[in-house]
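Chemist:
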Amino acid sequence: MTSISPSTDLSDSLYKTHHTFKEQGLSQRRFKQKDILPLLDRRRNNPLYTITKVGESFEGRNIQMVRIGTGPKKILLWTQMHGDEPTATMASFDIFNFLERHNDGFDAFRKKILEQTTLYFVPMLNPDGAERYQRRTAQGIDMNRDAAALQTPEGALLKRLVDEIKPDFGFNLHDQSPRYSVGRSAEAAAISFLATAYDYPRSINPVRERSMQLIVAMNRQLQRYIPGKVGRYADDHEPRGFGDNVQKWGTTLVLIESGGLAGDPEKQYLRRLNFMAILSAIDKIADNSLTQENRNDYYEIPENGRWLYDLVIRHATVKQGTKSFEADLGINRNEVSYANASKFFYYSKVEEFGDLHPQFGTQEIDAKGLTLEKGKLYPKAFKTIGEVSQLNALNLLKEGYTYIRLTADNGGRNLGLYYTTAPLHILRNNKSAPIDSPRLGSTATFLLKKGGVVKYAVVNGFVYDLANFKTKAGNGIVE
Ligand SMILES: [Zn+2]
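Heads up: the sequence shown at position 130 corresponds to 125 in our numbering, and the numbers run straight through without jumps.
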């Protein structure tokens, strides 16, 4: 048994023991409502919980609310109002596991939560969006812009819950683009906060002040584990947003956004930080110690910038016609869903072209003295992707071939946009290779040459250094 002393450092104890509470049924981002319903069902006979159907999504999926505790301070927490933002849903089930446990040093803390607060969790408020792994609801509406019009059943449900419960605190739990930076730094914002503004002048009343105080407390804890990686959204008032309106309706509202962290593509570490930060905030609410925080420290958290690309190529020599010039390229690897949105591959485009000196890349290549050229089309065509996979990709890339053509559609299967683990760019149905040199909007496939020799091949936004070619499983594209 590990020795922990929650009373002296609750947050660190939660952080260190998270793995013992982690819901093993949720281990990657692309889960659906059918994956969380059994986790709710198995809790129905547990007296800790009251689980009720509180509404239906546009497509008729039942939306559940989990009530825990009997205390006077009411806290409403909802996750995944954007269907592709699941980190806090995973953390919510970790919190349920935590609250069920006994005799591990945390019992006094649990007793405090259950006696001082009543927690109302709505995990996965937008199950139709989660089904497709998309932001918007099945109607195609962003429900975080629907707090005024209430055109979505999910938005109307959230409004009704706020009206009926009249929570003292609300947690609006999201994921943000991993490409937001902390201020103007090269650091991605792993977690961002916002104490939403309830009016255009961004006034601060006691309701909003408490939100700032809670954020100050959570930020202090997070800085211990992700120093310099916490950001804050600009607090412009959004009259359609739920955060802004819930704050206006009198509930202290905290927005938490899980962003990007190198080495954590499935956001399992960010989930751990959510677990720690949310429980730490509930602790501050339970004993009202949040009022000891200085709201001015809120403004010390740097604002989010948006300066990051997945890959930046700097100072490449570009030839267009008979002229040449130096340019930078900003490339993003965007996820494309397949297999009913349970999986994804990457499709990468040149999204900026020119001077990127104020911007940063998560990966950067200095191409000073290197010439940017489009790759060549291999003269022989093939029938299937399987045949292409048998080719020696390194030799092809060294000879300048990035494009391989399929005579048909992979033996008659209509794939549409698809992926290949060969580090090659496959053109199906005799599609022709690009005529122009790579530029804004191009698929990010090209060569970087020095003195006529290929140094780097970039295929679908992934870099292959031909002098240190290790890749057997690449991220090629079929289009
Ligand atoms: Zn969101």
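Glycine is no exception: its CB is placed at the ideal position from the N, C-alpha and C atoms.
1. Could you name the residues that DSSP lists as bridge partners for residue 183?
2. Could you spell out the range, first to last residue, of the beta strand (DSSP E) harbouring residue 343?
3. Could you tell me whether any non-hydrogen atom of ligand 1 is closer than 7 angstroms to the CB of residue 330?
4. Going by C-alpha distance, which of 200, 139, 23 and 464 is nearest residue 290?
5. Span of the beta strand (DSSP E) holding residue 372?
6. Does DSSP classify residue 167 as helix, strand or coil?
7. For residue 60, which three-state DSSP category applies?
8. Given 7 angstroms as the limit, tell me if residue 77 has its C-beta closer than that to any heavy atom belonging to ligand 1.
9. By Cβ distance below 6 angstroms, which residues in the same chain neighbour residue 93 in space, the five residues on each side in sequence not counted?
10. Consider the C-beta atom of residue 352 and the heavy atoms of ligand 1; say whether any pair is separated by less than 7 angstroms.
11. Leaving out five residues before and five after residue 264 in sequence, what residues of the same chain have Cβ atoms less than 7 angstroms from its Cβ?
12. Near residue 57, which residues of its chain fall below 7 angstroms by C-beta distance, leaving aside the five closest residues on each side in sequence?
13. Where DSSP assigns a beta bridge to residue 328, which residues make up the other side?
14. Can you grab the Cα-Cα spacing for the pair residue 332 / residue 127, in whole Å?
15. Note down the Cα distance separating residue 70 from residue 366, rounded to an integer number of angstroms.
16. In this structure, how does DSSP classify residue 68 when only helix, strand and coil are distinguished?
17. Check whether the stretch 146 to 156 and the stretch 173 to 183 are in contact - that is, three or more C-beta pairs closer than 8 angstroms.
18. Compute the beta-carbon to beta-carbon distance between residue 310 and residue 169, rounded to the nearest angstrom, for a pair I have assumed lies under 8 angstroms.
19. Just verifying my parser: in three-state terms, what is the DSSP assignment at residue 97?
20. Measuring CA to CA, which of 24, 429, 460 and 193 is closest to residue 371?
21. Suppose you measure from the CA of residue 230 to the CA of residue 387; what does that come to, to the nearest Å?
22. Any heavy atom of ligand 1 closer than 7 angstroms to the Cβ of residue 149?
23. Using the Cα positions of residue 248 and residue 166, report the straight-line distance between them to the nearest angstrom.
24. If we ignore side chains and look at the alpha-carbon of each, how far apart do residue 102 and residue 35 end up?
25. By the 10 Å Cβ neighbour count, where 16 or more other Cβ atoms means buried, how is residue 22 classified, buried or exposed?
26. I need the straight-line Cα distance from residue 148 to residue 261, nearest angstrom please.
27. Among residues of its own chain, excluding the 5 on either side of residue 307, which ones have a beta-carbon nearer than 8 angstroms to its beta-carbon?
28. Checking the sheet assignment: what are the DSSP bridge partners for residue 311?
29. Enumerate in chain order the residues of its own chain whose CB-to-CB distance from residue 217 is below 7 angstroms, with the five nearest sequence positions on each side excluded.
30. Relative to the alpha-carbon of residue 293, which residue among 437, 215 and 312 has its alpha-carbon at the smallest distance?
31. Taking Cβ positions, are residue 234 and residue 376 nearer each other than 8 angstroms?
32. Please work out which residues of its chain come closer than 7 angstroms, Cβ to Cβ, to residue -4, disregarding the five sequence neighbours upstream and downstream, and give them in chain order.
33. Would you report the Cα separation of residue 478 and residue 421, rounded to the nearest angstrom?
34. Just to check, is the beta-carbon of residue 80 closer than 7 angstroms to a non-hydrogen atom of ligand 1?
35. Compute the beta-carbon to beta-carbon distance between residue 419 and residue 342, rounded to the nearest angstrom, for a pair I have assumed lies under 8 angstroms.
Modeler: Considering the structure as presented:
1. 176
2. 338 to 349
3. no
4. 200
5. 371 to 377
6. strand
7. strand
8. yes
9. 16
10. no
11. 256
12. 48 and 51
13. 343
14. 8 angstroms
15. 58 angstroms
16. strand
17. no
18. The Cβ separation is near 37 angstroms, so there is no contact.
19. coil
20. 429
21. 53 angstroms
22. no
23. 6 angstroms
24. 23 angstroms
25. exposed
26. 29 angstroms
27. 323, 324, 325, 326, 351, 354, 355, 356, 358, 359 and 360
28. 322
29. 186, 225, 268 and 272
30. 215
31. no
32. Because residue -4 carries a pLDDT of 43, less than 50, the predicted location of this residue cannot be relied on, and the following value inherits that uncertainty. Around residue -4: no qualifying Cβ.
33. Absent from the structure is residue 478, since the part of the chain shown begins at -4 and ends at 474.
34. yes
35. Incorrect: roughly 14 angstroms between the Cβ atoms, too far for contact.
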